[in-house]
Amino acid sequence: MSAGTTYNLGSAAQIPLGEGRSFKIGGAAIAVFRSRQGRVYATQAECPHRAGPLADGLIGGDALICPLHNFKFNLETGEPLGNDCPSLSTHPVWVDEDGNIVIGTSA
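Numbering (our numbering), first residue to last: 23 to 129.
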């Protein structure tokens, strides 16, 4: 992704509450999650442990559980929770006034 760029991913409703989806954005694979409270998060798409598809993981609160080996990560910071796996890359993401998910990059 290019620095300072935003991408409109479409309606937040395409991601059911409590689930994630994968997107290709500027050549990068990104996983976007929508918590049961409607908050959105964006991380790298693959687990740094064994490349598990993070969008298929379980989320609860601010935690993500990798579907392959149950490694946990903080969705907001990307930090591992109770394991020595490297941190996830995270990306700024929000729902705009039209209900669309927008992902941004730092300038």
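Here a beta-carbon is modelled for each residue, glycine too, at the ideal position from N, C-alpha and C.
Quick check on residue 77: does DSSP put it in helix, strand or coil? helix
So who's on the other strand from residue 96, going by DSSP bridges? 85
Stretch-stretch touch, CB-based, cutoff 8 Å, three pairs: the segment 110 to 127 with the segment 60 to 76: Touching, yes.
For residue 113 and residue 192, believed in contact at Cβ under 8 Å, the rounded distance: The structure shown does not extend to residue 192, since the chain is modelled only from 23 to 129, so the question has no answer here.
Going by C-alpha to C-alpha distance, which of 42, 91, 124 sits closest to residue 107? Comparing Cα-Cα distances from residue 107 to each of 42, 91, 124, the minimum goes to 91.
Beta-carbon spacing of residue 44, residue 50 below 8 Å: Contact: no.
Helix, strand or coil: which one does DSSP assign to residue 64? strand
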